[in-house]
Amino acid sequence: MKVNPKSVEYSSIDEVLNFVRDYNAGNMLRFLNAIEDNSGNILVKEEVQVKESALTRLKEIKGQYNPEFKIKLTKELISQIQDKLSEKIVLQLKNTDKKFLKFMYEENKFNFKGIIRNGINNKKHLLALFKVYETNPHFFKHICELGLLALGIVLIPDALKYKMLRRYSFLGGIFMDIARVTGDQWNKPFPDDTEKTRIAKQCANFMQKLDLPEFVCSAASNHVPLGLQDNVEVAAAGPKKAERENPDETFFAEMMVDDGESDSTPDDEEDAGLPDKSEDLLRELLTDSLKIARYIHTVSSFSHDKEYVMEELVYFLAYNTSRGYFNEVLANPLVNLFKQFEENVKRMRKLAEVEMQCLHPPAAWAYPKPKASQVLCKNKVWDCPNIVQGWDIHVISSQEAFGWVGSSLPADHYPKCKLEEELDSLPEVEPKKAEKK
1 MKVNPKSVEY
11 SSIDEVLNFV
21 RDYNAGNMLR
31 FLNAIEDNSG
41 NILVKEEVQV
51 KESALTRLKE
61 IKGQYNPEFK
71 IKLTKELISQ
81 IQDKLSEKIV
91 LQLKNTDKKF
101 LKFMYEENKF
111 NFKGIIRNGI
121 NNKKHLLALF
131 KVYETNPHFF
141 KHICELGLLA
151 LGIVLIPDAL
161 KYKMLRRYSF
171 LGGIFMDIAR
181 VTGDQWNKPF
191 PDDTEKTRIA
201 KQCANFMQKL
211 DLPEFVCSAA
221 SNHVPLGLQD
231 NVEVAAAGPK
241 KAERENPDET
251 FFAEMMVDDG
261 ESDSTPDDEE
271 DAGLPDKSED
281 LLRELLTDSL
291 KIARYIHTVS
301 SFSHDKEYVM
311 EELVYFLAYN
321 TSRGYFNEVL
331 ANPLVNLFKQ
341 FEENVKRMRK
351 LAEVEMQCLH
361 PPAAWAYPKP
371 KASQVLCKNK
381 VWDCPNIVQG
391 WDIHVISSQE
401 AFGWVGSSLP
411 ADHYPKCKLE
421 EELDSLPEVE
431 PKKAEKK
């Protein structure tokens with residue numbers, strides 16, 4: 001696959017059909033080149049809408065024509081790609097194994113989906129992410145998590161309502177590793193500060209070629225907190241002599257050509273417009289949001305003790321904030337959210353212990369999670385001695401276990417379980433404070 005400002009190029013009809021299906025592009029497909037058979041006869045003209053029947057025919061006569069397809073990137077098709085990628089970025093919140101990242105977005109009430117979609121309205125930015133998504137889905141998930149973390153960090157504080165800060169924080173996060181796409185070092189901890197800084201600057205230099213604003217590139221270049229210990233276990237996990245990483249910018253070479261058209265599309269998102277604060281202040285806040293995002297991502301990705309890493313992270317974050325490594329305006333609200341998350345984690349573990357006392361496992365289900373006040377029998381084992389007769393529980397909507405991957409509880413009537421008495425010994429969850437208007 002090749003991607004340039006004017007077209008997406010494929011070398012097989014199967015790839016074209018996959019693209020049409022994935023991006024719902026059946027009624028907007030046009031080729032910049034005519035498709036000719038081996039005798040020179042035109043099968044599909046250039047610049048005309050390609051009918052589904054024509055694609056079906058091309059699939060049937062493979063080998064009888066030159067399989068070179070240059071799909072024209074019209075405004076309508078660009079919009080379709082933008083919709084699909086923004087959906088994939090948001091979907092990573094569901095698929096990630098980083099529980100705190102899910103928690104950040106479960107607790108916020110901002111239109112973050114709109115910020116994400118409109119954040120990738122620049123054609124060059126969009127096509128760079130498109131090529132990464134299509135060719136290296138694991139790396140795409142990696143940069144999605146960085147972008148979501150950076151955005152989530154600036155969504156939390158009430159004081160940070162600067163125009164465009166959220167969008168630029170998201171863009172800085174999702175692009176600050178972009179030049180590492182062709183290697184595998186991104187999936188390992190940095191061996192030392194020198195390597196961290198070198199890669200950050202190389203990626204930031206490439207971000208400039210993608211036409212990201214100077215202050216966003218500067219934040220990405222300078223976001224590495226020198227001397228900061230991510231985690232003792234993280235340091236131990238890194239090899240003593242790692243192979244030197246060399247980001248390969250040629251992956252994006254074809255889209256560096258200027259097509260003479262505007263790279264941005266209009267949007268109506270509330271975060272749009274020029275920043276209402278000085279670039280210096282915006283640069284400082286962006287640098288700190290990327291710094292904290294990198295820190296959280298590194299510790300949660302590479303710590304050996306996955307079970308307790310998020311509980312430990314709250315103490316690391318608070319400690320390093322007190323030492324001046326992190327901006328208190330950004331970090332302190334995050335620490336408070338971590339503490340709330342930590343309490344929920346502890347309670348979930350206690351709920352699991354109660355459920356494990358089930359006589360017919362795994363039938364006992366503490367409901368509703370995480371602030372469970374009842375225990376029901378999910379498998380409806382009516383002859384179990386723990387069933388409380390005559391006190392059935394009505395679940396009105398399907399439920400999952402509060403950000404944890406696992407089975408769901410369908411809406412239905414369920415028998416009550418005597419294990420509910422064990423819930424009295426669990427610590428109370430502190431009620432969430434009302435938001436200030």
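Start counting the sequence shown at 1; every next residue gets the next number (full-length UniProt numbering). Every residue, glycine too, gets a C-beta built ideally from N, C-alpha and C. These numbers were taken from a predicted model, which means no experiment stands behind them.
Sequence-distant partners of K196 (beyond 5 residues in either direction) whose C-beta falls short of 7 Å from its own C-beta, in its chain, are F190 and V224. Between L419 and V329, the CB-CB gap reaches or exceeds 8 Å. Of the candidates Q80, F31 and A34, Q80 places its Cα closest to the Cα of A25. Take Q64, set aside five residues on each side of it, and the residues of its chain with a beta-carbon closer than 7 Å to its own are D37 and N38, in chain order. In the pairwise beta carbon analysis, the stretch 311-323 is classified as not touching the stretch 279-290: fewer than three pairs are separated by under 8 Å. The three-state reading of DSSP puts D392 in strand, counting E and B together. In the three-state reduction of the DSSP assignment, D37 falls in the strand class. Counting every other CB atom within 10 Å of its CB across the protein chains shown gives R180 a total of 16 or more, marking it as buried. A straight line joining the alpha-carbon of L149 with that of A204 spans about 18 Å. Per DSSP, the continuous beta strand (DSSP E) segment holding S7 begins and ends at S7 to Y10.
DSSP places H125 inside the alpha helix (DSSP H), whose first and last residues are K123 to T135.
The beta carbon of T182 sits closer than 6 Å to the beta carbons of D248 and F251 from its chain, once the five residues preceding and following it are set aside; these are given in chain order. The stretch 138-189 is shown to contain whole alpha helix (DSSP H) runs of 4 or more residues at 165-175, in chain order. In the structure shown, V44 adopts extended strand secondary structure according to DSSP, grouped into three states.
Per DSSP, reduced to three states, the secondary structure at C358 is coil, with no helix or strand assignment. For L155, the closest C-alpha among the options L29, Y105, K350 and N118 is that of Y105. In the three-state scheme derived from DSSP, where H, G and I count as helix and E and B as strand, R323 is classed as coil. A distance below 8 Å separates the beta carbons of M1 and E134.
Taking all protein chains shown into account, D193 has fewer than 16 neighbouring C-beta atoms within 10 Å of its C-beta and is therefore exposed.
Ranked by Cα distance from V90, the options E76, N18 and N111 are led by N111. For I292 against A331, the beta-carbon gap comes to about 6 Å, under 8 Å, which counts as contact.
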